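Structure, as structure tokens:
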Amino acid sequence: MTMFAPSLLAALDWHTFLFLLFALLACGFAAAVVFTSNVVRMAFYLTLSLSSTAGLFFLADAEFVGAMQFMIYVGGTLVLLIFGVMLTAQSRFVQMKTNAGEWVLAAIVGSALLVLLARTALMNPDWRNPREDRNQVAVVESQTATAIGQALTGVRTDRLDASDSTLAGGMSGYLLPFEIASVHLLVVLIGAGYLARAKRRAASSSETSA
Amino acid sequence: MAEFLNQLLFGRPHWVGYSVAALVHCVLYFHVVAVGALLFIWMERKIAGRIQDRLGPTRVGGKFGWLQTLADGIKLIAKEDVTPTGADRMLFKAAPYVSFAASFAAYLALPFSNGWVGQNINVAVFFVIAVMGLEVFGVILAGYASGSKWSLFGGMREAAQVVSYEVPVGLCVMIPVLLCGTMNMVTIGNMQAGWFTNWLVFHDPFTFIVFWVYFTCATASVNRAPFDLAEAESELVAGFHTEYSGLRWSFFFMAEYGSMFTVSGLAAVLFFGGWNGPVPIFDILGWSYTPDELASGTFRVTGYLANLAGCLNFMFKALVGVTVMMWIRWSLPRLRIDQVMATCLKYCVPIAAVCFAGTVLWQYGFFVTDKPLPSLNNLIPAAPRATVREAWTIAVTKPESSAPTTSEPTPAGPEAEKQQGQTQVERGAVKEAAQTGAKVTDPAASTEGAKGERLGKVVAR
Numbered sequence: 179m180t181m182f183a184p185s186l187l188a189a190l191d192w193h194t195f196l197f198l199l200f201a202l203l204a205c206g207f208a209a210a211v212v213f214t215s216n217v218v219r220m221a222f223y224l225t226l227s228l229s230s231t232a233g234l235f236f237l238a239d240a241e242f243v244g245a246m247q248f249m250i251y252v253g254g255t256l257v258l259l260i261f262g263v264m265l266t267a268q269s270r271f272v273q274m275k276t277n278a279g280e281w282v283l284a285a286i287v288g289s290a291l292l293v294l295l296a297r298t299a300l301m302n303p304d305w306r307n308p309r310e311d312r313n314q315v316a317v318v319e320s321q322t323a324t325a326i327g328q329a330l331t332g333v334r335t336d337r338l339d340a341s342d343s344t345l346a347g348g349m350s351g352y353l354l355p356f357e358i359a360s361v362h363l364l365v366v367l368i369g370a371g372y373l374a375r376a377k378r379r380a381a382s383s384s385e386t387s388a
Numbered sequence: 369m370a371e372f373l374n375q376l377l378f379g380r381p382h383w384v385g386y387s388v389a390a391l392v393h394c395v396l397y398f399h400v401v402a403v404g405a406l407l408f409i410w411m412e413r414k415i416a417g418r419i420q421d422r423l424g425p426t427r428v429g430g431k432f433g434w435l436q437t438l439a440d441g442i443k444l445i446a447k448e449d450v451t452p453t454g455a456d457r458m459l460f461k462a463a464p465y466v467s468f469a470a471s472f473a474a475y476l477a478l479p480f481s482n483g484w485v486g487q488n489i490n491v492a493v494f495f496v497i498a499v500m501g502l503e504v505f506g507v508i509l510a511g512y513a514s515g516s517k518w519s520l521f522g523g524m525r526e527a528a529q530v531v532s533y534e535v536p537v538g539l540c541v542m543i544p545v546l547l548c549g550t551m552n553m554v555t556i557g558n559m560q561a562g563w564f565t566n567w568l569v570f571h572d573p574f575t576f577i578v579f580w581v582y583f584t585c586a587t588a589s590v591n592r593a594p595f596d597l598a599e600a601e602s603e604l605v606a607g608f609h610t611e612y613s614g615l616r617w618s619f620f621f622m623a624e625y626g627s628m629f630t631v632s633g634l635a636a637v638l639f640f641g642g643w644n645g646p647v648p649i650f651d652i653l654g655w656s657y658t659p660d661e662l663a664s665g666t667f668r669v670t671g672y673l674a675n676l677a678g679c680l681n682f683m684f685k686a687l688v689g690v691t692v693m694m695w696i697r698w699s700l701p702r703l704r705i706d707q708v709m710a711t712c713l714k715y716c717v718p719i720a721a722v723c724f725a726g727t728v729l730w731q732y733g734f735f736v737t738d739k740p741l742p743s744l745n746n747l748i749p750a751a752p753r754a755t756v757r758e759a760w761t762i763a764v765t766k767p768e769s770s771a772p773t774t775s776e777p778t779p780a781g782p783e784a785e786k787q788q789g790q791t792q793v794e795r796g797a798v799k800e801a802a803q804t805g806a807k808v809t810d811p812a813a814s815t816e817g818a819k820g821e822r823l824g825k826v827v828a829r
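Residue numbers (this note's numbering), protein chains in the order written: chain A, 179 to 388; chain B, 369 to 829.
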């Protein structure tokens with residue numbers, strides 16, 4: 179261990195270091211997704227990119243969102259993607275060949291989105307420069323996800339002592355949107371089951387007739 | 369531990385202390401998986417032998433064949449590392465690490481004793497379930513990248529199986545979470561302190577049933593026989609790891625044994641009281657840490673010993689779970705893929721769902737009586753549930769004067785207000801608890817933990 183190492187390490191802000199590390203990993207693997215032509219490798223890079231994003235959430239003490247990122251994006255979406263790719267894809271989809279026109283189109287769409295997002299992000303005055311009092315900012319200990327869960331079932335614990343009685347009585351919760359979303363999902367589920375079933379019947383009847 | 373080292377070496381917070389502490393803990397965790405796998409493979413051989421009326425390994429390393437796995441390990445290291453011609457080289461080489469990393473990462477949130485946890489995550493149960501689900505990704509990659517039909521079939525079966533079994537596992541895990549009102553595994557464990565009647569598996573008949581459903585589904589989700597269709601030696605040569613050899617192959621097995629320990633440990637924490645023994649010896653002796661001590665992070669030799677015994681308790685319970693999995697493996701024949709799916713969708717999911725509803729209704733006396741129905745948990749009241757609050761073990765540190773919590777970044781403002789509201793709600797609960805004469809730590813105090821304090825605070829004590 180050399181002599182300068184302790185001072186260097188002491189000067190290093192670990193939070194910033196880890197943030198940059200995860201951010202770089204996320205962006206790097208996201209770029210790898212774009213530049214790979216093999217679909218399964220794309221899926222692999224996408225997992226790594228999304229996992230790095232989960233790392234960013236954990237770094238920000240948002241454990242619930244981080245675990246959610248793992249569960250929904252990394253776990254669910256990619257397993258589905260792999261199902262789709264591995265079960266159904268023909269060889270021309272597994273190795274994607276992109277021609278020049280597609281590159282140009284993709285570049286236009288991608289850069290337009292990037293400009294839009296970057297502009298929106300920069301419109302937030304807090305994000306333009308580091309805050310002046312950034313050294314005094316403390317991370318709030320994220321005690322519990324219970325408040326979110328209760329809000330989803332209709333009780334906003336932060337509104338319990340609101341002066342408006344309808345707000346205090348739980349009318350400000352997220353129960354209705356939550357229920358609408360779940361009914362939507364149920365409909366999709368049943369619909370998917372119905373479609374899969376109908377197809378199989380048609381196939382078997384055509385087989386028997388043939 | 370970091371504080372202790374820093375005091376000893378420098379007398380002030382210093383990066384050396386933190387790094388050494390972090391390194392020691394990483395190595396400790398790694399040994400749970402790696403040495404655990406050595407032990408489990410030896411156990412597997414011995415148990416398989418006994419069940420089949422054989423002796424199992426007897427010679428290597430003396431009396432009981434202790435060192436059989438070490439000999440295996442040397443053999444594996446000496447094997448040639450082969451990559452098939454048709455394989456996707458990069459994915460083929462990465463797949464074992466993906467599997468192992470996912471299995472290992474789940475240990476981050478698994479508490480080994482009261483407060484002995486890598487990271488005291490408040491959604492620990494959810495985190496473990498989410499990360500464990502990623503292990504299948506390595507298996508699918510291995511199956512695809514090997515460029516072999518056997519492997520592909522194994523990978524596909526594994527994917528179908530694990531994706532379906534995540535549903536009942538999630539439902540089963542929800543029930544203890546529902547009863548405890550938290551996903552923090554340390555808190556869930558503490559809520560079951562006291563006599564063995566306080567364990568959640570004895571809460572009501574539904575939790576008792578749901579434990580068996582959980583164990584079945586957990587066996588399936590870690591891909592153990594009778595659900596080991598992904599490997600299925602008699603049909604698929606070796607399934608997803610057909611083309612692997614040497615250490616790469618053994619990574620899959622370390623991941624599998626690591627996951628077996630994790631799901632058994634999860635069962636121990638959720639249903640069997642975690643580190644709390646059947647008889648609360650250390651509570652009676654007064655050795656265990658009190659909530660106040662845990663919150664302030666005081667060190668006491670007797671408390672440490674109580675925690676050590678708790679760790680042994682936890683290990684024992686998890687080991688029993690692993691042993692039962694081995695016992696099942698060598699007793700039952702392998703299911704067919706349609707039977708696997710039927711077990712999951714026609715039996716496990718409905719039973720878990722009914723138990724979920726049953727547990728909820730049990731608290732309301734099925735609307736027949738107004739009170740919750742009697743529970744075995746109340747037979748020998750030890751620690752009333754209401755006295756245990758979330759974040760028991762997070763050390764309370766008053767923020768320094770230079771870091772007032774009032775100057776939070778703008779996005780955190782509403783969040784802080786929300787927590788303030790939450791605190792008031794919890795104070796209501798605290799009042800109720802005070803009537804039972806128990807002491808409760810103020811949850812508001814721990815919300816003020818300064819940045820950086822949470823990192824390894826609990827484990828680095």
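Idealized CB from N, CA, C, for every residue including glycine. Because the structure is a prediction, the values reported are computed rather than measured.
Euclidean distance between Cα positions of residue i and residue j
i, j, result
"residue 786 of chain B", "residue 495 of chain B", "With a pLDDT of 41 at residue 786 of chain B, under the threshold of 50, the modelled position of that residue is not reliable, and the figure given next carries that caveat. Rounded to whole angstroms, residue 786 of chain B to residue 495 of chain B spans 23 Å at the Cα level."
"residue 427 of chain B", "residue 193 of chain A", "52 Å"
"residue 503 of chain B", "residue 735 of chain B", "43 Å"
"residue 231 of chain A", "residue 295 of chain A", "17 Å"
"residue 722 of chain B", "residue 533 of chain B", "17 Å"
"residue 326 of chain A", "residue 550 of chain B", "12 Å"
"residue 807 of chain B", "residue 650 of chain B", "Because the pLDDT of residue 807 of chain B is 34, which lies under 50, any placement of that residue in the model is unreliable, and the number read from its coordinates should be weighed accordingly. Rounded to whole angstroms, residue 807 of chain B to residue 650 of chain B spans 18 Å at the Cα level."
"residue 281 of chain A", "residue 225 of chain A", "24 Å"
"residue 413 of chain B", "residue 601 of chain B", "17 Å"
"residue 646 of chain B", "residue 682 of chain B", "11 Å"
"residue 708 of chain B", "residue 420 of chain B", "25 Å"
"residue 526 of chain B", "residue 445 of chain B", "27 Å"
"residue 333 of chain A", "residue 727 of chain B", "22 Å"
"residue 476 of chain B", "residue 277 of chain A", "45 Å"
"residue 596 of chain B", "residue 520 of chain B", "15 Å"
"residue 583 of chain B", "residue 635 of chain B", "8 Å"
"residue 608 of chain B", "residue 195 of chain A", "38 Å"
"residue 508 of chain B", "residue 731 of chain B", "42 Å"
"residue 199 of chain A", "residue 576 of chain B", "45 Å"
"residue 406 of chain B", "residue 512 of chain B", "28 Å"
"residue 362 of chain A", "residue 492 of chain B", "29 Å"
"residue 213 of chain A", "residue 429 of chain B", "53 Å"
"residue 568 of chain B", "residue 542 of chain B", "12 Å"
Neighbour list for residue i in chain B, Cβ cutoff strictly below 8 Å
i, result
"residue 249 of chain A", "494, 497, 498 and 501"
"residue 208 of chain A", "Residues of chain B passing the Cβ test: none, with the nearest at roughly 18 Å."
Bridge partner(s) assigned by DSSP for residue i
i, result
"residue 481 of chain B", "B:484"
"residue 434 of chain A", "Residue 434 of chain A cannot be examined here, being either before or after the span of chain A that is shown, 179 to 388."
Exposure label - residue i; buried when at least 16 CB within 10 Å
i, result
"residue 442 of chain B", "exposed"
"residue 574 of chain B", "buried"
"residue 685 of chain B", "buried"
"residue 558 of chain B", "buried"
"residue 539 of chain B", "buried"
"residue 715 of chain B", "exposed"
"residue 560 of chain B", "buried"
"residue 357 of chain A", "exposed"
"residue 544 of chain B", "buried"
"residue 247 of chain A", "buried"
"residue 628 of chain B", "buried"
"residue 305 of chain A", "exposed"
"residue 372 of chain A", "exposed"
"residue 448 of chain B", "exposed"
Listed by chain order, chain B residues near residue i by CB distance under 7 Å
i, result
"residue 252 of chain A", "502"
"residue 225 of chain A", "505"
"residue 136 of chain A", "Coverage of chain A is limited to positions 179 through 388, which leaves residue 136 of chain A absent and any answer about it impossible."
Listed by chain order, chain A residues near residue i by CB distance under 8 Å
i, result
"residue 543 of chain B", "What residue 543 of chain B touches in chain A: nothing, since even the nearest Cβ is about 15 Å away."
"residue 459 of chain B", "218, 219 and 222"
Neighbouring residues, chain A, relative to residue i (Cβ below 7 Å)
i, result
"residue 509 of chain B", "222"
Considering only residues of the stretch 433-508 of chain B, which uninterrupted alpha helix (DSSP H) runs meet the minimum length of 4 residues and lie entirely inside it, listed in chain order? Listed in chain order, they are 436-446, 457-473 and 492-500.
Which runs of the alpha helix (DSSP H) at least 4 residues long sit entirely within the stretch 631-683 of chain B? Give them in chain order. The stretch 631-683 of chain B contains these whole alpha helix (DSSP H) runs: 649-653 and 659-664.
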